[in-house]
Amino acid sequence: MKDIKDISNEEICKILRELSIFYEIKDIEFKSRAIDKALHNIEALDKNLKDIYLEKGIDGLKEIPGVGEGIAERIEEILKTGTLLEYEKYKKEIPIDIENLIKIEGVGPKTIAALWQRLKIKNVDELEKAAKEHKICKLERFGEKSEQKILKGIEFYKSSGQRFLLGFIEPTVLEIKEYLQGFKEIKKIEIAGSFRRRKETIGDVDILVVSNEPEKVVEKFLKMKNIAYIYAKGDTKCSIKLENGLDVDLRIVEEKSFGAALMYFTGSKEHNIELRQIAIKKGYKLNEYGLFKDEKFIAGKTEEEVYAKLGLEWIPPELREAKGEIVAAQKGELPKLIDYDDLKGDLQVQTNWTDGSNSIEEMVKAAIEMNLEYIAITDHTKSLAMTGGLDEKEILKQIEEIKKLNEKYKGKIKILTGAEVNILPDGSLDIKDEILEKLDFVGASVHSHFNLDRNKQTKRIIKAIENPNVDCIFHLTTRVINRRKEIDIDLDTIFKLAAKTKTLLEINAYPDRLDIKDVYILEAKKNGVKFVIDSDAHSKMHFKFLKYGISQARRGWCEKGDIANAWPLEKFLKFKK
Ligand code: DGT
Ligand code: CA
Ligand code: CA
Ligand code: ZN
């Protein structure tokens, strides 16, 4: 099978995503929906579609949840020819910049289709112009309100820049690391920068390498596939852009400077500045080559020895944001952060009872493989019609089904019954309390009316928190990174009330949500709030996103005691209201 193209999952997804929109424009809606579902699963794959195909052919592709015959065949065609005939045909006929239009909040496939059909809008600039000239509000099904929303979306799109989501770009970064690790000239390698600090998005990748033959390393690095552009090339460093737009900086240092260089390039810049001030106070000089007294080299080989010479405990990268970690390290009072293997449960899991790709049992099996001891099944509820949300009767039916599965998987995992109930604009819930009472775990969340004013929006959340059946607020601020801004709420009031009522706040681990975000976690923690870290899995492949939630919790200074699903089931059940 040597005639297979070397094409990444990312590129395949891009073709399929655009094809789905062409179907929408052509009114072939069922095909468009099937692709969307498949994409959700392909984006979460650890393996390359190419490798799956080489190993198991089209049957291997069909094993991916949500991927049926039709989509598997299309992937096969892309792998064999680099593209799809059907897609290329549409692209000629409908020359629109889908890639950027789709990034704007409130602009989905349906909108793109309608705007093309009626106004021949091809790109973001034309969309902005049309909205400003009030051409959109005159269209059927688009009012003044949607026009304003589009303009706001464009504004946010332009201001947010295009940083890469950690959870989606990590496989690409680790592939580069693996490629470099294969070189015998490289003794040590570490990814530094915001990637190492586990920030939710990263601007560029900073790779640090120890080698005695830096020139050879640079030469081999530049032979890597998918390089689009070389910005700079020196003896011990170089900078490139990859074809997917990601910038990568490589630096090669001597062994004795590795720790100091790693500290410097891990940052953050603000953390580095504080460190340097401490060094100066102690009569030292600190830079990426080491710690010096006058010209004499004092330390530099490891981070631990440099921090120690500065009178500090070693600081985990997630904390290096100049938010008080240096003072805490001086006093030996750094938090003992929750570990990456500390989670025992996952409390937001969707199934094919609503918009998930897998059955309850498939999700249960996948959770067992992740070594989880308990999960809650939390399908959407009825007012979220587009997901096929459950009504009271269906919830009761699901409780019965879970009872049976609990029998079957006894001793392996505990399945909690639950729901993700929708918080209506007035703060009431779309499921009756007598049904909620029967569930083990109820999360409530906002899925619409994002633009209520601060007062109304805060009251809405308060009312949900005050409901004795609501155990947790899911993705409180409803942001979607690079796409939708947060709702306007009085966080301080909400954090205090959540702590008082023992309402858990979710740290949603899905890579484009990470809601609530790191700085809010720290604030909420100070107010005594307890959290759960959830994958928000809509497929059995999404449990692996839990680690990004753990990263955010660590960035928010959380210990095991702050995260309720890091506790044994008994303790968790006893705590929740
Ligand atoms: P990013 O790439 O925007 O997500 O964020 P970082 O933190 O990876 O920043 P980047 O790539 O510009 O630089 C990597 C690290 O190098 C940064 O975290 C700290 C260090 N660094 C860069 N520029 C400066 C500087 O002007 N002063 C100091 N003290 N450190 C710097
Ligand atoms: Ca960086
Ligand atoms: Ca950089
Ligand atoms: Zn959902």
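Numbered according to the working numbering, the sequence shown spans residues 4 to 580.
For glycine and all other residues, C-beta sits at the position ideal for the given N, C-alpha and C.
Nearest candidate by alpha-carbon position, reference I192, set L253, L294, Y310 and G85: When each option's Cα is compared against that of I192, the closest is L253.
Whether L211 touches V256 by CB criterion (8 Å): Cβ distance < 8 Å, so L211 and V256 count as in contact.
Range of the contiguous alpha helix (DSSP H) that encloses T420: Looking at the DSSP string, T420 is not in any alpha helix (DSSP H); the run it does join, the beta strand (DSSP E), is K417 to N425.
Span of the beta strand (DSSP E), counted from its first residue to its last, around N290: From DSSP, the beta strand (DSSP E) with N290 extends over K288 to N290.
Chain-ordered list of residues that sit, by beta carbon, closer than 6 Å to a heavy atom of ligand 3: Going along the chain, the residues that qualify are G196, D207, D209 and D252.
I276: CB within 7 Å of a non-hydrogen atom of ligand 1: Ligand 1 has a heavy atom closer than 7 Å to the beta-carbon of I276.
Whole-angstrom C-beta distance between L393 and F381, which should lie under 8 Å: In the sequence under discussion, the amino acid at residue 381 is Thr, which differs from the Phe named in the question. Not quite, the Cβ-Cβ distance comes to about 10 Å (not below 8 Å), so this is no contact.
Three or more C-beta pairs below 8 Å linking the segment 498 to 518 and the segment 546 to 560: Output reads yes: the segment 546 to 560 touches the segment 498 to 518.
Three-state secondary structure (DSSP) of K59: K59: helix per DSSP, three-state reduction.
Extent of the continuous beta strand (DSSP E) run through E182: Looking at the sequence itself, residue 182 is Tyr, so the reference to Glu does not match. Careful: Y182 lies outside any beta strand (DSSP E), inside the alpha helix (DSSP H) at L169 to Q184.
Proximity below 8 Å, CB of V309 to CB of G270: Not in contact: V309 and G270 (Cβ atoms no closer than 8 Å).
heavy atom of ligand 2 below 7 Å from I205 C-beta: Because some heavy atom of ligand 2 lies under 7 Å away, the Cβ of I205 counts as near it: yes.
For A556, the first and last residue of its enclosing alpha helix (DSSP H): A556 -> alpha helix (DSSP H) spans L549 to R558.
Residue burial classification, G414 (beta-carbon count within 10 angstroms, cutoff 16): Answer is exposed; the Cβ neighbour count stays below 16.
Contacting residues, own chain, Cβ-Cβ under 7 Å from G63 (five flanking each side not counted): Answer for G63: I55 and Y56, listed in chain order.
C-alpha gap between G196 and G391, whole angstroms: For G196 and G391, the distance between alpha carbons rounds to 42 Å.
Sub-8 Å separation of I378 and V352 beta-carbons: The criterion of a C-beta distance shorter than 8 Å is satisfied by I378 and V352.
Proximity test, K202 beta-carbon vs ligand 1 heavy atom, cut-off 7 Å: The answer is yes for K202.
Proximity test, Y267 beta-carbon vs ligand 1 heavy atom, cut-off 7 Å: Y267: yes, Cβ under 7 Å from ligand 1.
Any non-hydrogen atom of ligand 1 within 7 Å of G270 CB: In terms of side-chain proximity, the C-beta atom of G270 is found nearer than 7 Å to a non-hydrogen atom of ligand 1.
Close-in-space but distant-in-sequence residues of the same chain around K224 (CB under 6 Å, 5 per side omitted): A small correction: the amino acid at residue 224 is Phe; Lys does not occupy that position in the sequence shown. So the list reads L253, once near-sequence residues are dropped.
Assigned exposure category for D436 - 16 Cβ within 10 Å defines buried: The residue in question, D436, is exposed, as its Cβ has fewer than 16 Cβ neighbours within 10 Å.
Reduced DSSP category for N511 - H, G, I as helix; E, B as strand; rest coil: Strand, per DSSP.
Reduced DSSP secondary structure (H/G/I, E/B, other) of D54: Helix, per DSSP.
G421 versus R200 - alpha carbon distance: Cα atoms of G421 and R200: separation of roughly 34 Å, rounded to the nearest angstrom.
Bounding residues of the alpha helix (DSSP H) (the contiguous stretch that carries I67): No alpha helix (DSSP H) holds I67; DSSP gives it neither H nor E.
E291 versus P338: straight-line alpha-carbon distance, rounded: As the crow flies, the alpha-carbon of E291 is around 27 Å from that of P338.
Delimiting residues of the beta strand (DSSP E) encompassing R254: In this chain, the beta strand (DSSP E) harbouring R254 covers D250 to V256.
Collapsed DSSP secondary structure at A47 in the structure displayed: In this structure, A47 counts as coil in the three-state DSSP scheme.
CA nearest to the CA of S260, picked from D537, K347, E273 and G303: Measuring from the Cα of S260, the nearest candidate turns out to be G303.
Contact between the segment 128 to 147 and the segment 168 to 179 (3+ Cβ pairs under 8 Å): In short, these stretches do not touch, since the Cβ pair count stays below three.
Cβ neighbours of E562 in the same chain (closer than 8 Å, five flanking residues each side left out): These residues qualify, in order along the chain: P338, K339, L340 and I341.
Touching by the beta-carbon criterion (3+ pairs, under 8 Å), the segment 515 to 527 and the segment 552 to 562: Yes, since at least three Cβ pairs between the segment 515 to 527 and the segment 552 to 562 fall closer than 8 Å, the two stretches touch.
DSSP three-state assignment for H452, whether helix, strand or coil: In the structure shown, H452 sits in coil (DSSP, three-state: anything other than H, G, I, E or B).
Euclidean distance between Cα positions of T204 and R166: Going from the Cα of T204 to the Cα of R166 covers about 6 Å.
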